[in-house]
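S.K.: Sharing a structure with you now.
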Amino acid sequence: MAYKARLLPRGSSRKSSSSTLIFSLLIICSFFVLILLALGILSIPSSSSDSPKVHDLSSIVHHTTTADRKSESKDNRADQWVEVISWEPRAVVYHNFLSQDECEYLIKMAKPHMMKSTVVDSDTGKSKDSRVRTSSGTFLPRGRDKTIRTIEKRIADFTFIPVEHGEGLQVLHYEVGQKYEPHYDYFQDEFNTKNGGQRMATVLMYLSDVEEGGETVFPSAKGNISAVPWWNELSECAKEGLSVKPKMGDALLFWSMKADASLDPSSLHGGCPVIKGNKWSATKWIRVNDSASDDNFGDTPDFDITLDDDTNVIGEQPPPSPRPRPRPTGRDKAKAEARTKCKSASSSTSDSRDMLAAKLAETTRTERQVMESFDSKMSQFLDLE
């Protein structure tokens, strides 16, 4: 009996050490779980009906901050923030991208030159009306004035693409019943890619609010369409896909090309008919390369490719510029003088060409003599070594 009495304390000590070890492990595990929860790596599932659904794009919101808030307050813009609305296609909305003054300025500049939007068949090159686009519009050349340059610089900062890759601004006006059928912004022919290459992105800026209708719709976008906060406020047309409701100052950026530089069919988009009110917008198409030289940028933008049931590929033909021919500047005079000199040089006599050839030969001989002298000195230096 004495032997058994001595064993009891040992068993109790083993049980005590095991309990302590298990308790310590539980504390350590709880500590790690709390850390993961704090970092947002883990989340507690909720069965509430208010919880966001899978692919709820309304929850993907990113607020942007700048180092100098004072510089933003000067242009009278409200707080800016960026909302990701789709990954296929890649599309984001930059809220309050433009100020009210900038929106009104663009409308004021475009109003006197608005013309009915036409389309051109890429096969025949002839302009014609089409049910695809029933709006009116005009083009504002790139870098036309200080305000436009400021907006274009802001677009470049937003997209991380140089200003030179952008086409001229296209201002559009949609009245009640007017629309833009679903289409692609990228080109489907080789002719329109000669100047600047393919269109890879579009920045669509809304210059006015629309009481009803006028949404930009992406019929082929992938995402939870019903998760859009203003779903009940959309028109029937807008409910056919992922849609963006026009709001003065907002800018919609979407990519017509994928990250691997292939064309993105999910970038198919259209403008729903305006039901009530007016819709003003400004579009900036961005090319892969510099879209034009400094002599002709913005004056004659390329055609906007779209799809129609009647023709295979059609595009918008920009209206002729109503501005008078500008007076020649000092730069123009310098170019004229340079052209005159070139013509004079091309019409020079054979004697002049012979003299030029002799000078080139003499220069070549001089260079050869210098190299031979250098080689000789190097040889002497090596001999001394």
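Residue 1 is where the sequence shown starts when you use the UniProt record's numbering, and the numbers rise one by one after that.
Glycine residues also receive a C-beta, built at the ideal position from the N, C-alpha and C atoms.
Tell me whether residue 86 sits in a helix, a strand or coil according to DSSP, three-state version.
M.R.: Here residue 86 corresponds to residue number 86 of the sequence shown, with the count starting at 1. Strand.
S.K.: Within its chain, find whatever has a CB closer than 6 Å to the CB of residue 211; leave out the 5 residues flanking it on each side and keep chain order.
M.R.: Locating residue 211 in the sequence shown gives position 211, where the first residue counts as 1. The residues are 276 and 277.
S.K.: Which residues in the same chain as residue 178 place their Cβ atom closer than 7 Å to its Cβ, once the five residues preceding and following it in sequence are excluded?
M.R.: What you label residue 178 is simply residue 178 of the sequence shown in a count that begins at 1. Around residue 178: 134, 135, 273 and 274.
S.K.: Alpha carbon to alpha carbon, what distance is there between residue 192 and residue 198?
M.R.: As a first step, residue 198 must be located in the sequence shown, where it is residue number 198. As a first step, residue 192 must be located in the sequence shown, where it is residue number 192. Cα to Cα, the separation comes out at about 8 Å.
S.K.: Would you call residue 305 buried or exposed, if buried means 16 or more other Cβ atoms sit within 10 Å of its Cβ?
M.R.: To locate residue 305, count along the sequence shown from 1; it is residue 305. Note that residue 305 has pLDDT 36, beneath the 50 cutoff, so the model's placement of it is unreliable and the number below is only indicative. Counting Cβ neighbours within 10 Å, residue 305 comes out buried, since at least 16 surround it.
S.K.: Just to confirm the assignment, what range does the alpha helix (DSSP H) spanning residue 148 have?
M.R.: One-based indexing of the sequence shown puts residue 148 at position 148. From DSSP, the alpha helix (DSSP H) with residue 148 extends over 146–159.
S.K.: May I ask you to verify whether the segment 140–150 touches the segment 246–263, counting CB pairs closer than 8 Å and requiring at least 3?
M.R.: no
S.K.: Compute the beta-carbon to beta-carbon distance between residue 286 and residue 201, rounded to the nearest angstrom, for a pair I have assumed lies under 8 Å.
M.R.: Translated into positions along the sequence shown, residue 286 becomes position 286. Translated into positions along the sequence shown, residue 201 becomes position 201. Right, the Cβ-Cβ distance comes to about 4 Å (below 8 Å), so this counts as a contact.
S.K.: Per DSSP, which residues does residue 283 bridge with? Please list them.
M.R.: For the purposes of this step, residue 283 is identified with residue 283 of the sequence shown, where counting begins at 1. Looking at the DSSP assignment, residue 283 forms a beta bridge with 170 and 204.
S.K.: Grouping DSSP H, G and I as helix and E and B as strand, with all else coil, what is residue 22?
M.R.: Looking up residue 22 in the sequence shown gives position 22. Reduced to three states, the DSSP call for residue 22 is helix.
S.K.: I'd like the list of long-range same chain contacts for residue 161, defined as Cβ closer than 6 Å, with 5 residues on each side in sequence excluded.
M.R.: Here residue 161 refers to the residue found at position 161 when the sequence shown is read from its first residue. 286.
S.K.: Can you tell me where the beta strand (DSSP E) with residue 181 in it begins and where it stops?
M.R.: As a first step, residue 181 must be located in the sequence shown, where it is residue number 181. That run of the beta strand (DSSP E) goes 180–183.
S.K.: Using the three-state DSSP reduction, which class does residue 251 fall into: helix, strand or coil?
M.R.: Position 251 of the sequence shown, counted from the start, is the residue given in the question as residue 251. Here residue 251 sits in strand by DSSP.
S.K.: Where does the unbroken beta strand (DSSP E) through residue 140 begin, and where does it stop?
M.R.: Here residue 140 is taken as the residue at index 140 of the sequence shown, counted from 1. Residues 136–140.
S.K.: DSSP on residue 240, reduced to helix/strand/coil?
M.R.: For the purposes of this step, residue 240 is identified with residue 240 of the sequence shown, where counting begins at 1. Three-state result, residue 240: helix.
S.K.: Just curious, the beta strand (DSSP E) that residue 276 is in, first and last residue?
M.R.: Here residue 276 corresponds to residue number 276 of the sequence shown, with the count starting at 1. Run containing residue 276: 274–276, per the beta strand (DSSP E) assignment.
S.K.: Within the same chain, show all residues whose beta-carbon is closer than 8 Å to that of residue 105, passing over the 5 residues directly before and after it, in chain order.
M.R.: By one-based count along the sequence shown, residue 105 stands at place 105. Cβ neighbours of residue 105 beyond the five flanking positions: 147.
S.K.: Restricting to Cα atoms, I'd like to know which of 196, 266, 167 and 90 is closest to residue 140.
M.R.: Position 140 of the sequence shown, counted from the first residue, corresponds to residue 140. If we check each option's Cα against that of residue 140, 167 comes out closest.
S.K.: Any idea if residue 153 is buried or exposed, counting beta-carbon neighbours within 10 angstroms, 16 or more meaning buried?
M.R.: As a working mapping, residue 153 is identified with position 153 in the sequence shown. It counts as exposed.
S.K.: Should residue 97 go down as buried or exposed, given a rule of 16 or more other Cβ atoms within 10 Å for buried?
M.R.: Sequence index remark: in the sequence shown, residue 97 carries index 97 (1-based). It counts as buried.
S.K.: Tell me residue 213's beta-bridge partners as DSSP assigns them.
M.R.: As a working mapping, residue 213 is identified with position 213 in the sequence shown. Looking at the DSSP assignment, residue 213 forms a beta bridge with 274.
S.K.: Quick check on DSSP: helix, strand or coil for residue 258?
M.R.: As a working mapping, residue 258 is identified with position 258 in the sequence shown. In this structure, residue 258 counts as coil in the three-state DSSP scheme.
S.K.: How about residue 171 and residue 109: are their beta carbons less than 9 Å apart?
M.R.: Residue mapping note: residue 171 aligns to position 171 of the sequence shown, counting from 1. Residue mapping note: residue 109 aligns to position 109 of the sequence shown, counting from 1. Closer than 9 Å, so yes.
S.K.: Just confirm the distance between the C-beta atoms of residue 271 and residue 216, as a whole number of angstroms; I'd bet it's less than 8 Å.
M.R.: Locating residue 271 in the sequence shown gives position 271, where the first residue counts as 1. Locating residue 216 in the sequence shown gives position 216, where the first residue counts as 1. Yes, residue 271 and residue 216 are in contact; Cβ-Cβ is about 6 Å, under 8 Å.
S.K.: For residue 85, tell me which candidate among 112, 289, 243 and 188 has the shortest Cα-Cα distance.
M.R.: In the sequence shown, the residue the question calls residue 85 occupies position 85. Nearest of 112, 289, 243 and 188 to residue 85, Cα basis: 243.
S.K.: Could you tell me which of 257, 25 and 209 sits nearest to residue 103, measuring between CA atoms?
M.R.: Sequence index remark: in the sequence shown, residue 103 carries index 103 (1-based). Among 257, 25 and 209, the Cα nearest to that of residue 103 belongs to 209.
S.K.: Go ahead and pull the three-state DSSP assignment for residue 267.
M.R.: Within the sequence shown, the letter at position 267 stands for residue 267. Residue 267: helix per DSSP, three-state reduction.
S.K.: Since residue 187 and residue 89 should fall inside the 8 Å C-beta cutoff, what is the C-beta to C-beta distance between them, to a whole number of angstroms?
M.R.: Along the sequence shown, one-based indexing puts residue 187 at 187. Along the sequence shown, one-based indexing puts residue 89 at 89. About 16 Å separates the two Cβ atoms, so there is no contact after all.
S.K.: In three-state DSSP terms, what is residue 115?
M.R.: Here residue 115 corresponds to residue number 115 of the sequence shown, with the count starting at 1. It is a strand residue.
S.K.: Of the choices 263, 19 and 79, whose alpha-carbon is the least far from that of residue 189?
M.R.: Position 189 of the sequence shown, counted from the first residue, corresponds to residue 189. Closest option to residue 189, Cα to Cα, is 263.
S.K.: May I have the straight-line CA-CA distance separating residue 269 from residue 282, to the nearest angstrom?
M.R.: Walking along the sequence shown from the start, residue 269 turns up at place 269. Walking along the sequence shown from the start, residue 282 turns up at place 282. Each residue's alpha carbon lies about 16 Å from the other.
S.K.: Apply the 10 Å Cβ neighbour rule to residue 237 and answer buried if 16 or more other Cβ atoms are within range, or exposed otherwise.
M.R.: On the sequence shown, residue 237 is found 237 positions in, with the first residue counted as 1. With 16 or more other Cβ atoms within 10 Å, it is buried.
S.K.: Is it buried or exposed for residue 185, if we count other Cβ within 10 angstroms and need 16 for buried?
M.R.: Here residue 185 refers to the residue found at position 185 of the sequence shown. Its Cβ being crowded by 16 or more others within 10 Å, residue 185 is buried.
S.K.: Which residue's Cα is closest to the Cα of residue 113: 87, 93 and 173?
M.R.: By one-based count along the sequence shown, residue 113 stands at place 113. Comparing Cα-Cα distances from residue 113 to each of 87, 93 and 173, the minimum goes to 173.
S.K.: Using three-state DSSP, classify residue 108 as helix, strand or coil.
M.R.: As a first step, residue 108 is located in the sequence shown; it is residue number 108 there, counting from the start. Residue 108: helix per DSSP, three-state reduction.
S.K.: Using the C-alpha atoms, what's the distance from residue 203 back to residue 258?
M.R.: Walking along the sequence shown from the start, residue 258 turns up at place 258. Walking along the sequence shown from the start, residue 203 turns up at place 203. Approximately 16 Å, taken between the alpha carbons.
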